[in-house]
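This report refers to the structure that appears directly beneath it.
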Amino acid sequence: HDMAKFISAAMNGGKYQGEQVLAASAVEKMLSNQSDVAVAERGVGYFWVLDGDYFSHSGGDPGVMTLIWADTNKDVAIVLLTNGDSFDDNANEGFEQMQQLLKTFAHSL
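Throughout, my numbering is defined as the position within the sequence shown, counted from one, plus 1175.
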């Protein structure tokens, strides 16, 4: 629940339900390119992958695979927390399928 509130605030200039909970300047900096090094994505923010109208962060530890993905153009986001190991091909395939299903659902709203 807290992660959903955070991503909502990040998508709205630091506001959550009309209240400024994060400094707008901090959100702007967090979601701006922090590297001059060319990468496949548009840019790399403070732990965010920046790709046009989307920003995301993924990660994991043994037994856990995660994704936060936001489409600022559609004002929808996904917080995906799963059990699985990134070195397991079946877990990776299932995780990728869940991501695609959730993104498809998010874009249908």
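Where is the CB? At the ideal position from N, CA and C, for every residue including glycine. Fair warning: this is a prediction, and the values are worked out from it, not measured in the lab.
Exercise for the section: Determine the burial state of residue 1245: buried for a count of at least 16 other Cβ atoms within 10 Å of its Cβ, exposed for fewer. Expected result: buried
Exercise for the section: Could you check the C-alpha separation between residue 1283 and residue 1248 for me, to the nearest Å? Expected result: 13 Å
Practice task
Give me the Cβ distance between residue 1223 and residue 1206, rounded to the nearest whole Å; I'm assuming they're in contact under 8 Å.
Solution key: 6 Å
Handout entry: Within 8 Å, strictly: CB atoms of residue 1204 and residue 1191
Key = no
Handout entry: Euclidean distance between Cα positions of residue 1212 and residue 1178
Key = 29 Å
Problem - Residue burial classification, residue 1234 (beta-carbon count within 10 angstroms, cutoff 16) - result: exposed
Practice task
Using only alpha-carbon positions, find the residue among 1262, 1259, 1243, 1279 that is nearest to residue 1231.
Solution key: 1243
Problem - N-terminal and C-terminal residue of the beta strand (DSSP E) that residue 1258 is part of - result: 1251-1258
Problem - Closest by C-alpha distance to residue 1241, when choosing among 1200, 1255, 1274 - result: 1255
Exercise for the section: Tell whether a beta-carbon distance below 8 Å holds between residue 1260 and residue 1252. Expected result: no
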